[in-house]
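Peer 1:
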Amino acid sequence: MKIAIVCYPTFGGSGVVATELGLALAEHGHEVHFITYKQPVRLELLSKNIHFHEVSVPDYPLFHYQPYELALSSKLVDMVKLHKIEVLHVHYAIPHAYAGYMAKKMLEEENIYIPMVTTLHGTDITLVGSHPFYKTAVTFSINNSDVVTSVSQSLKDDTLQLFDIKKEIHVVPNFIDIPKKINPYTDCERDMMAERNERIVTHVSNLRKVKRVLDVIEVFDRIQKKTPSKLIIVGEGPEREACELLCTKKGIEEKVLFVGNSNEVDKILCFSDLFILPSEKESFGLAALEAMACGVPVISSNTGGLPEVNIQGVSGFLSDVGNVEEMAENALKILDTDASLNNFKKQAVEAALVYDTKKIVPMYEQLYAKAITEKTNAPN
Ligand code: GMT
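Note that numbering that gives the first Met the number 0 has the sequence shown beginning at 0, numbered continuously upward.
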């Protein structure tokens, strides 16, 4: 199949999933065209099956806001015609599903009928999309997609509750290429980060309020009082300064490393002993799945799709949002002895296997094939 993927090219989970999907589809022999404003961060190699088309929005002084949707829909039309693309897969409803719909309509004027698959990722529904400023357009875009998928059952439930949805929503969970994650590094540079007797605790996110990074510090503070440890915080975002201040206030600044955005998350995870994700909302929690795939047990909140990923008492533990005391107690249960830690590490990998690329990507392939057949048979 010839597939166009529209996504955010940044460090966010939706862009990561879209990129990994494109790479897996290309490995299966499909021709994949990424269409976005920048080459996606995890897309390092272009190849025979992988193409990248940049959407440029020239600055024009009349525009207070540059019209990205307009440029994207025009680019989609041009690329579909040029490369004979058969299916559009847009990740994140805003504004991608809206631009995709416009592209479909423009193509129909030329008797080209192309199905659009929209994948809902979370914040496009729970945080931004349900805002009254966007809700009408988001509802319209979802209802006018040919296929709608959500990355967890929890997100499907939220979408049905928040919007008036007339389409079936297929749950296609996020995934990870587990074999690529198992022990990919021989030179774990653990010694650069911590002493031999110290446990390494990690958090990866975009450090937005919804991630409750201050809770990470609170949990870590309680851990480090009981067992020698270091905290590594990966990512950049608006909460960083408040986190640094809290570390200083608690006198633990020497034990907390802020490493910023990184392309070496796997490397950091390979020497981590525990991952903390105490988010306020999380439709899936790809970061938790990545940690588990690298053999890192997870302490998380029990919000949204996290209970579908992190299994209580198996891959880690879940607590109510904000219950930092319980999170710390559970963390210490995991870190208590080498035997308990090794057990949780093993179980974390096993729990992650449910979401291996090999199991999930065929679900998308089947949806594409069905959508293409239906569109070819009965254009509307
Ligand atoms: O919250 C983020 O980290 C970014 C956001 C995004 O849009 O990229 O992540 C959302 O999509 C990810 C991939 O499907 C999910 O794993 C995250 O749980 C989800 N974030 C939220 O729901 C807050």
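Where is the CB? At the ideal position from N, CA and C, for every residue including glycine.
CB-CB under 6 Å to His169, same chain, minus the five flanking residues each way: which ones, in chain order?
Peer 2: Thr148
Peer 1: Of all the beta strand (DSSP E) runs that stay within the bounds of the region 296 to 344, which reach a length of 3 or more residues?
Peer 2: 297 to 300, 315 to 318
Peer 1: Under three-state DSSP, which class holds Thr392?
Peer 2: Because the chain in this structure spans residues 0 to 379, residue 392 falls outside the shown range and cannot be described.
Peer 1: Given Ser46, which residues of its chain have a CB within under 8 Å of its CB, disregarding the five upstream and five downstream residues?
Peer 2: Ala25
Peer 1: What separation, rounded to the nearest whole angstrom, lies between the Cα atoms of Lys210 and Glu109?
Peer 2: 45 Å
Peer 1: Apart from the five residues on each side of it in sequence, which residues of its chain come closer than 7 Å, Cβ to Cβ, to Pro306?
Peer 2: Excluding five sequence positions before and after Pro306, the CB atoms of its chain that fall closer than 7 Å to its own CB belong to Leu317, given in chain order.
Peer 1: Drop a sphere of 10 angstroms on the beta-carbon of Ser72, count the other beta-carbons inside from all chains shown, and report buried for 16 or more, exposed for fewer.
Peer 2: buried
Peer 1: How many Å lie between Ala98 and Ala3 at the Cα?
Peer 2: So the alpha carbons of these two residues sit roughly 13 Å apart.
Peer 1: Which of the three DSSP states, helix, strand or coil, is assigned to His52?
Peer 2: In the structure shown, His52 adopts extended strand secondary structure according to DSSP, grouped into three states.
Peer 1: I need the straight-line Cα distance from Val56 to Leu245, nearest angstrom please.
Peer 2: 40 Å
Peer 1: Verify the contact flag: Thr356, CB atom, against every heavy atom of ligand 1, threshold strictly below 7 Å.
Peer 2: no
Peer 1: Going by beta-carbon coordinates alone, are Ser144 and Tyr91 separated by less than 8 Å?
Peer 2: no
Peer 1: Assuming Met362 and Val171 make a contact with CB atoms under 8 Å, what is their CB distance in whole Å?
Peer 2: With a beta-carbon spacing of about 5 Å, Met362 and Val171 fall inside the 8 Å limit used to define contacts.
Peer 1: Could you check if Gly312 belongs to the surroundings of ligand 1, using beta carbon to heavy atom distance under 7 Å?
Peer 2: No.
Peer 1: Where do the ends of the alpha helix (DSSP H) carrying Glu68 lie?
Peer 2: 67 to 82
Peer 1: If distances are taken between C-alpha atoms only, which option among Lys104, Phe162, Lys229 comes closest to His252?
Peer 2: Residue 252 is actually Glu in this sequence, not His. The shortest C-alpha separation from Glu252 is found at Lys229.
Peer 1: If we count the other Cβ atoms within 10 Å of its Cβ and call it buried at 16 or more, is Leu159 buried or exposed?
Peer 2: exposed
Peer 1: Do Glu68 and Pro94 have their CB atoms nearer than 8 Å?
Peer 2: yes
Peer 1: Quick check on the DSSP output: what are the complete beta strand (DSSP E) runs of length 3 or more inside the region 224 to 277, in order along the chain?
Peer 2: 228 to 233, 255 to 259, 273 to 276
Peer 1: I need the DSSP call for Phe283, collapsed to helix, strand or coil.
Peer 2: coil
Peer 1: Output the distance between the C-alpha atoms of Asp190 and Phe343, rounded to the nearest integer angstrom.
Peer 2: 22 Å
Peer 1: According to the Cβ coordinates, are Pro296 and Val215 closer than 8 Å?
Peer 2: no
Peer 1: Mind checking whether the beta-carbon of Leu285 lies closer than 7 Å to any heavy atom of ligand 1?
Peer 2: yes
Peer 1: Just checking Asn309 against ligand 1 - is the residue's beta carbon closer than 7 Å to any of the ligand's heavy atoms?
Peer 2: no
Peer 1: Would you say the region 219 to 237 touches the region 196 to 209, given that touching needs at least three Cβ pairs under 8 Å?
Peer 2: yes
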